[in-house]
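**Student:** Counted from 1, the sequence shown has number 28 at position 28 by UniProt numbering; the numbering is strictly sequential.
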Amino acid sequence: MSRNLSAADIDAIKLLISQERLGTFRAITHSDDDAIELHQASMLLSSSLMSVTGMLEIAIRNAVCSMIQQDYGVADFLRTPPSGLHWHALEKKKIDEAEAQARRASYSKLESPQKDALDAIAFPHGVPANIKHTNLAKKRQAAITVSMGQVVSQLTIFFWKRLFSEQYEPTLWKRSLKKVFPNKTFSRAIIADHLEVFYQARNRLAHHEPVYGTRLERIVEAIDFLSQNLGSRTPNPESPIAKFVLPHRELLDSQIAVFQSTFQRLTTHPDQRTALTSSPQQQRVGVLRRYYGITCRLFKRKARPND
Numbered sequence: 001m002s003r004n005l006s007a008a009d010i011d012a013i014k015l016l017i018s019q020e021r022l023g024t025f026r027a028i029t030h031s032d033d034d035a036i037e038l039h040q041a042s043m044l045l046s047s048s049l050m051s052v053t054g055m056l057e058i059a060i061r062n063a064v065c066s067m068i069q070q071d072y073g074v075a076d077f078l079r080t081p082p083s084g085l086h087w088h089a090l091e092k093k094k095i096d097e098a099e100a101q102a103r104r105a106s107y108s109k110l111e112s113p114q115k116d117a118l119d120a121i122a123f124p125h126g127v128p129a130n131i132k133h134t135n136l137a138k139k140r141q142a143a144i145t146v147s148m149g150q151v152v153s154q155l156t157i158f159f160w161k162r163l164f165s166e167q168y169e170p171t172l173w174k175r176s177l178k179k180v181f182p183n184k185t186f187s188r189a190i191i192a193d194h195l196e197v198f199y200q201a202r203n204r205l206a207h208h209e210p211v212y213g214t215r216l217e218r219i220v221e222a223i224d225f226l227s228q229n230l231g232s233r234t235p236n237p238e239s240p241i242a243k244f245v246l247p248h249r250e251l252l253d254s255q256i257a258v259f260q261s262t263f264q265r266l267t268t269h270p271d272q273r274t275a276l277t278s279s280p281q282q283q284r285v286g287v288l289r290r291y292y293g294i295t296c297r298l299f300k301r302k303a304r305p306n307d
């Protein structure tokens, strides 16, 4: 029984999880109980993947921004692209949407008096009578100035991986972005392929879709490739970003082991399950032990002699 769930619990959970979602797991476990347990293991695995991929996404976007700013000499290259850099329609749309979202985010944090103060800019001739609240808010938001950093924070990995596409090879790749991944043996296409796998995984994780089997193998390979080659001339597991994500990467390995063990146990014929793996409780204890071991090693590395 999944995590001490009763039969009544199972029936209630089946109503809360869509049949389509649970059906994916039921098709390979052949029971609702086992499907729910495998779903739990999948979500735990996904949370570890989200942690690692989230850190890498931030590192990649910041490295890309810094390199373009340095090579083109323009701080806000998104909204005022320098000579020689032309945004294609899709990227221009994403930038405009990100700027609008940044304005909405800033507006939502303002107090009422601060929002009212925007009327002087939004309506220089006075606020129209009987204006709808939605239109009032939109006009006020348009009066807000947001920074480059605020726009960057609203752009997803979809945008950043697009900058490594063939369309931008003559401009961004050759002039700037090849220095983000400076290994001379890597073509733009190789980087783009790994970023595409990374993007697809982030998208699945954001929609709580399962990631296992070949798909899991490919995202782990992409994670290691990106973390070991970002800013490095040769693959380097000791690179700054690789060391930065190491505790999360090791915890991910632990969750992968638990998921694979759970998957094997729940998709094996019931008569063969008993001696197949350790219990779920033992697996969870193992994960915690590995996690605390990772954390202790991390702090030991940071500890100074006199601490």
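C-beta atoms are modelled at their ideal positions from N, C-alpha and C, and glycine is treated no differently.
#1: Could you give the distance in angstroms between the alpha-carbon of residue 257 and the alpha-carbon of residue 151?
#2: Here's the rule: buried if 16 or more other CB atoms are within 10 angstroms of the residue's CB, otherwise exposed. What is residue 233?
#3: What's the C-alpha gap between residue 61 and residue 189?
#4: Can you give the Cα-Cα distance for residue 170 and residue 5, rounded to whole angstroms?
#5: Buried or exposed for residue 254, please, with buried defined as at least 16 other CB atoms from any protein chain shown within 10 angstroms of its CB.
#6: Count the other CB atoms within 10 Å of the CB of residue 20; is the residue buried (16 or more) or exposed (fewer)?
#7: Within 10 angstroms of its Cβ, does residue 95 collect 16 or more other Cβ (buried), or is it exposed?
#8: Give the range of the alpha helix (DSSP H) segment to which residue 198 is assigned.
#9: Residue 98: buried (16+ other C-beta within 10 angstroms of its C-beta) or exposed?
#10: Look at the alpha carbon of residue 217 and the alpha carbon of residue 263, and state the distance between them as a whole number of angstroms.
#11: Can you tell me the Cβ-Cβ gap for residue 241 and residue 59, rounded? I've got them flagged as a contact below 8 Å.
#12: Mapping the DSSP letters down to three states, classify residue 185 as helix, strand or coil.
#13: Check each candidate in 259, 248, 160, 195 and name the one with the smallest Cα separation from residue 308.
#14: Alpha carbon to alpha carbon, what distance is there between residue 148 and residue 116?
#15: Can you name the start and end residues of the alpha helix (DSSP H) that residue 247 belongs to?
#16: Helix, strand or coil for residue 133 per DSSP?
#17: Work out the CA separation of residue 164 and residue 192 for me, nearest whole Å.
#18: Quick check: residue 245 and residue 219, are their CB atoms within less than 9 Å of each other?
#19: Report the residue from 24, 28, 35 whose alpha carbon sits nearest the alpha carbon of residue 13.
#20: Give me the Cα-Cα distance between residue 202 and residue 251, rounded to the nearest whole angstrom.
#21: Since I believe residue 140 is in contact with residue 155 (beta carbons under 8 Å), could you give me their beta-carbon distance rounded to a whole number of angstroms?
#22: Here's the rule I'm using: 16 or more other beta-carbon atoms within 10 Å means buried, otherwise exposed. How should residue 38 be labelled?
#23: Grab me the residues of residue 181's own chain with a C-beta within less than 7 Å of its C-beta, minus the 5 sequence neighbours each way, in chain order.
#24: Using a threshold of 9 Å, state whether the C-beta atoms of residue 64 and residue 106 are closer than that.
#25: With distance defined between alpha-carbon atoms, name the residue in 17, 27, 8, 67 nearest to residue 175.
**Tutor:** In short:
#1: When rounded, the distance between both Cα atoms is 38 Å.
#2: Classified as exposed, residue 233 has fewer than 16 neighbouring CB atoms from the shown chains inside 10 Å of its CB.
#3: Straight-line Cα distance between these residues: approximately 18 Å.
#4: A direct Cα-to-Cα measurement between residue 170 and residue 5 gives close to 58 Å.
#5: Buried: at least 16 other Cβ atoms inside 10 Å.
#6: The residue is exposed, with fewer than 16 neighbouring Cβ atoms inside 10 Å.
#7: By the C-beta density criterion, residue 95 is buried, having at least 16 other C-beta atoms within 10 angstroms.
#8: 188-206 is the extent of the alpha helix (DSSP H) around residue 198.
#9: With 16 or more other Cβ atoms within 10 Å, it is buried.
#10: Computed Cα separation, rounded: 15 Å.
#11: That belief holds up - the Cβ atoms of residue 241 and residue 59 are roughly 5 Å apart, short of 8 Å.
#12: When DSSP states are grouped into helix, strand and coil, residue 185 belongs to the coil group.
#13: In the structure as shown, the chain starts at 1 and stops at 307, and residue 308 therefore has no counterpart that could be examined.
#14: Going by the C-alpha atoms only, they are around 25 Å apart.
#15: In the DSSP annotation of this structure, the continuous segment of the alpha helix (DSSP H) that includes residue 247 starts and ends at 240-266.
#16: Note: residue 133 maps to helix in three-state DSSP.
#17: Pairing residue 192 with residue 164, the inter-Cα distance amounts to about 6 Å.
#18: Going by C-beta atoms, residue 245 is not nearer than 9 Å to residue 219.
#19: The candidate whose alpha carbon is nearest that of residue 13 is 35.
#20: About 18 Å.
#21: Not confirmed; about 23 Å, so no contact.
#22: Result: buried.
#23: Around residue 181: 191, 229, 230.
#24: No, Cβ-Cβ distance for residue 64 and residue 106 is not below 9 Å.
#25: Looking only at 17, 27, 8, 67, the smallest Cα-Cα distance to residue 175 is reached by 67.
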